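In my numbering, the protein residues as written are 811 to 1254.
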Ligand code: NAD
């Protein structure tokens, strides 16, 4: 099948490369000429494990091409996927659909009758209806519009795309269903469940999934706070509840709060959708508040053990919003580092791949070439992103090179015992009492 992919970012590039790998003929279109030039010269615009090899292999076999020319990109395509950004609209939290609608208007000039337009971008309920309207306004007839939200995770995007827990397709007509069934046929052979729903249902399913995961993270973060007050261990609580199949073990890692390009914006957009129709979504609203508060207060976890941050040196390990990506969007490291600097600390940071992106965000941060250099002479070392290479650091070497001996482990990578044996004073998240025992008993 011939497929066009409009938008060649994290989702469009991975989806396009994976579709090509299934054997489809894929043309990826982006209006960012530098991105397309780079791709045509073999340079990836993002850091994603396995992507470069996958792109190259499919380019070499002639199944994957890149262009800025939309007309050439969609020529002969039976399905045109839209995978452009849907960031938060300034002011009201709604998804900004400018990129989607602009792409549809441009597409209207070149799309052939009989094709299927598929939104892969995360778009609010009713966007498919609006796309149909725009196509009609532009004089386009006989084009189907479907929704196929993407659930891949950055850092594991190729594996997620090729082995999805499920594929959700919102289609209002048989043609759209048939085309999408054919596109995903290689995955049915792997028994990936495909769920056909109404288009609005598919659009909402994506937001409901992300909101639920955000709730799970915020829930365990609040339980972690409680653990610190009553001297319990959140890692064990998480395991104790996660082994219950009704709950599930994933997304129960206490930490500095969720970030990234999806959960923060998608929870806000869900709230806006609900607001527009007069439905209160109290759980999601509270989750957003809990997470914003959490990210803003991580600095206190560093200041607490140091007394004051003024004149202190803080080493930061990990800047990306999660491991295996260079994506800095809404990363917990951003409010943390900004607050550390505001309160008078100097920061030396290291991230295995996000340094280049981070340099665009932080003005007053020194970037170290590795974890040990970030720790050298620091009063406190903070683990913000749990990259694998931070999991087996030589803690004795680190302790020996630091001015103070404080390790603030916001991802619970290390055990207190091993850190203390190495000469560090350890502060994890939700792992036993922090501060004095409460005066009142929790049994009262
Ligand atoms: P991104 O910002 O990395 O990429 C978007 C790309 O679209 C950019 O390269 C931009 O130049 C291009 N673009 C914008 N308008 C265009 C136009 N008119 N014609 C051609 N190209 C155009 O975005 P992303 O992270 O890939 O996210 C895309 C969508 O997928 C969003 O709706 C997002 O919520 C959703 N999503 C993202 C993830 C993720 O992990 N990043 C996961 C699931 C869903």
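All C-beta atoms, glycine included, are put in the ideal place defined by N, C-alpha and C. If you're wondering where the values come from, they're calculated on a predicted model, not measured in any experiment.
Self-check item: Proximity test, residue 841 beta-carbon vs the ligand NAD heavy atom, cut-off 6 Å
Solution: What you label residue 841 is simply residue 31 of the chain shown in a count that begins at 1. Yes - the ligand NAD has a heavy atom lying nearer than 6 Å to the Cβ of residue 841.
Exercise. Check whether the Cβ of residue 1088 sits closer than 6 Å to any heavy atom of the ligand NAD, and report yes or no.
Key: Sequence index remark: in the chain shown, residue 1088 carries index 278 (1-based). False, no ligand heavy atom lies under 6 Å from that Cβ.
Self-check item: Heavy atom of the ligand NAD within 6 Å of residue 821 beta-carbon
Solution: Position 11 of the chain shown, counted from the first residue, corresponds to residue 821. For the ligand NAD, at least one heavy atom lies less than 6 Å from the Cβ of residue 821.
Practice problem: Give every residue of the same chain whose Cβ lies closer than 6 Å to the Cβ of residue 1105, excluding the five residues on either side of it in the sequence, and list them in chain order. | Solution: As a first step, residue 1105 is located in the chain shown; it is residue number 295 there, counting from the start. Cβ within range, chain order: 1067, 1142, 1145.
Exercise. Could you tell me the distance, in whole angstroms, from the CA atom of residue 985 to the CA atom of residue 1077?
Key: Indexing the chain shown from 1 puts residue 985 at position 175. Indexing the chain shown from 1 puts residue 1077 at position 267. Approximately 32 Å, taken between the alpha carbons.
Exercise. Run the proximity test for residue 833: is its beta-carbon closer than 6 Å to any non-hydrogen atom belonging to the ligand NAD?
Key: One-based indexing of the chain shown puts residue 833 at position 23. No, the ligand NAD has no heavy atom inside 6 Å of this Cβ.
Exercise. Apply the 10 Å Cβ neighbour rule to residue 1137 and answer buried if 16 or more other Cβ atoms are within range, or exposed otherwise.
Key: In the chain shown, counting from the first residue as 1, residue 1137 sits at position 327. So residue 1137 counts as buried.
Quiz item: Sorted by chain position, which residues of the same chain lie with C-beta nearer than 6 Å to residue 1208's C-beta, five sequence neighbours on each side aside?
Solution: On the chain shown, position 398 is the one that residue 1208 refers to. Closer than 6 Å at the Cβ level, and outside the excluded window around residue 1208, lie 1185.
Self-check item: Bridge-paired residues (DSSP) for residue 926
Solution: As a first step, residue 926 is located in the chain shown; it is residue number 116 there, counting from the start. DSSP, once it has assigned bridges, lists 889, 954 as partnering residue 926.
Quiz item: Say the cut is 6 Å; is the CB of residue 890 nearer than that to a heavy atom of the ligand NAD?
Solution: For this step, residue 890 is matched to residue 80 along the chain shown. Residue 890 Cβ: outside cutoff for every heavy atom of the ligand NAD.
Quiz prompt | N- and C-terminal bounds of the beta strand (DSSP E) containing residue 835 | solution = Locating residue 835 in the chain shown gives position 25, where the first residue counts as 1. Unbroken beta strand (DSSP E) run through residue 835: 835-839.
Quiz item: Sorted by chain position, which residues of the same chain lie with C-beta nearer than 6 Å to residue 918's C-beta, five sequence neighbours on each side aside?
Solution: Position 108 of the chain shown, counted from the first residue, corresponds to residue 918. Here the set comprises 945, 948, 950.
Quiz item: For residue 840 versus residue 868, is the C-beta spacing smaller than 7 Å?
Solution: For this step, residue 840 is matched to residue 30 along the chain shown. For this step, residue 868 is matched to residue 58 along the chain shown. It is not a contact, given that the beta carbons lie outside the stated cut-off.
Quiz prompt | Residues near residue 1125 by beta carbon distance below 6 Å, same chain, minus five either side | solution = If you number the chain shown from 1, residue 1125 lands on position 315. Once the five neighbours on either side are set aside, the close Cβ partners of residue 1125 are 1158, 1184, 1185, 1188, 1191.
Quiz item: Nearest to residue 905 by alpha carbon, out of 976, 1013, 1122?
Solution: The residue you call residue 905 lines up with position 95 of the chain shown. Here the closest residue by C-alpha is 1013.
Quiz prompt | Supposed contact pair residue 814 and residue 887 - C-beta distance, whole angstroms, cut 8 Å | solution = On the chain shown, residue 887 is found 77 positions in, with the first residue counted as 1. On the chain shown, residue 814 is found 4 positions in, with the first residue counted as 1. Confirmed, about 4 Å.
Exercise. Determine the DSSP secondary structure at residue 818, reduced to helix, strand or coil.
Key: Working through the chain shown from its first residue, we reach residue 818 at position 8. Here residue 818 sits in coil by DSSP.
Practice problem: Answer with buried or exposed for residue 1219, where buried requires no fewer than 16 other C-beta atoms within 10 angstroms of its C-beta. | Solution: Locating residue 1219 in the chain shown gives position 409, where the first residue counts as 1. Buried is the call here.
Quiz item: If you follow the beta strand (DSSP E) that residue 979 is part of, which residue opens it and which one closes it?
Solution: For this step, residue 979 is matched to residue 169 along the chain shown. Its beta strand (DSSP E) spans residues 977-980.
Quiz item: Using CA coordinates, which residue listed in 1062, 1042, 1236 is at the minimum distance from residue 1051?
Solution: Sequence index remark: in the chain shown, residue 1051 carries index 241 (1-based). Ranking 1062, 1042, 1236 by Cα distance to residue 1051 puts 1062 first.
Quiz item: Does at least one heavy atom of the ligand NAD sit under 6 Å from the Cβ of residue 941?
Solution: On the chain shown, residue 941 is found 131 positions in, with the first residue counted as 1. Answer for residue 941: no, Cβ out of range of the ligand NAD.
Self-check item: residue 909 to residue 895 span [Cα, whole Å]
Solution: The count along the chain shown starts at 1 and reaches residue 909 at position 99. The count along the chain shown starts at 1 and reaches residue 895 at position 85. If you take the alpha carbons of residue 909 and residue 895, they lie about 7 Å apart.
Quiz item: If we cut at 7 Å on Cβ distances, does residue 931 have a partner in chain B?
Solution: Of the protein chains in this structure there is only one, and it is not chain B.
Exercise. Following the continuous beta strand (DSSP E) through residue 832, name the residue where it begins and the one where it ends.
Key: Your numbering for residue 832 matches position 22 in the chain shown. Here residue 832 belongs to no beta strand (DSSP E), and DSSP marks it neither H nor E.
Quiz item: Out of 1205, 1129, 1152, which has the shortest C-alpha to C-alpha gap to residue 1171?
Solution: The sequence position of residue 1171 within the chain shown is 361, counting from 1. Out of 1205, 1129, 1152, 1129 has the C-alpha closest to the C-alpha of residue 1171.
Self-check item: Buried or exposed by the 16-neighbour rule on C-beta atoms within 10 Å, applied to residue 891
Solution: By one-based count along the chain shown, residue 891 stands at place 81. Classification of residue 891: buried, given that the 10 Å Cβ count is 16 or more.
Quiz item: For the beta strand (DSSP E) that residue 1123 lies in, which residues bound it at each end?
Solution: Indexing the chain shown from 1 puts residue 1123 at position 313. First-last of the beta strand (DSSP E) with residue 1123: 1123-1127.
Quiz item: CA-CA distance, residue 916 and residue 1040?
Solution: Taking the chain shown and counting its residues from 1, the one referred to as residue 916 is at position 106. Taking the chain shown and counting its residues from 1, the one referred to as residue 1040 is at position 230. C-alpha separation (whole angstroms): 59 Å.
Quiz prompt | Integer Cβ distance of residue 1109 from residue 1149, believed to fall under 8 Å | solution = Along the chain shown, read from residue 1 onward, the residue named residue 1109 stands at position 299. Along the chain shown, read from residue 1 onward, the residue named residue 1149 stands at position 339. At roughly 4 Å, the Cβ-Cβ gap stays under 8 Å, so residue 1109 and residue 1149 are in contact.
Quiz item: Are the beta-carbon atoms of residue 1240 and residue 1038 separated by less than 7 Å?
Solution: By one-based count along the chain shown, residue 1240 stands at place 430. By one-based count along the chain shown, residue 1038 stands at place 228. In contact: residue 1240 and residue 1038 (Cβ atoms closer than 7 Å).
Quiz item: So what's residue 1006 in DSSP terms, helix, strand or just coil?
Solution: Walking along the chain shown from the start, residue 1006 turns up at place 196. Strand, per DSSP.
Exercise. Provide the residue span of the beta strand (DSSP E) that contains residue 1177, from first to last.
Key: The residue labelled residue 1177 in the question sits at position 367 within the chain shown. Where residue 1177 is concerned, the enclosing beta strand (DSSP E) stretches over 1175-1177.
Practice problem: Could you check how far apart the C-beta atoms of residue 829 and residue 993 are, in whole angstroms? I think they sit under 8 Å. | Solution: Within the chain shown, residue 829 is the residue found at index 19, counting from 1. Within the chain shown, residue 993 is the residue found at index 183, counting from 1. Indeed, because the Cβ distance is near 7 Å, the residues count as touching under 8 Å.
Exercise. Check whether the Cβ of residue 816 lies closer than 6 Å to any heavy atom of the ligand NAD, and answer yes or no.
Key: For the purposes of this step, residue 816 is taken as residue 6 along the chain shown, with counting starting at 1. Under cutoff, so the answer is yes.
Quiz item: Are residue 1127 and residue 1200 touching if we call contact CB-CB under 7 Å?
Solution: Here residue 1127 refers to the residue found at position 317 when the chain shown is read from its first residue. Here residue 1200 refers to the residue found at position 390 when the chain shown is read from its first residue. In this structure, residue 1200 lies closer than 7 Å to residue 1127 by Cβ.
Quiz item: Expressed to the nearest angstrom, what Euclidean distance is found between the alpha-carbon atoms of residue 816 and residue 1234?
Solution: Within the chain shown, residue 816 is the residue found at index 6, counting from 1. Within the chain shown, residue 1234 is the residue found at index 424, counting from 1. Those two C-alpha atoms are separated by around 50 Å.
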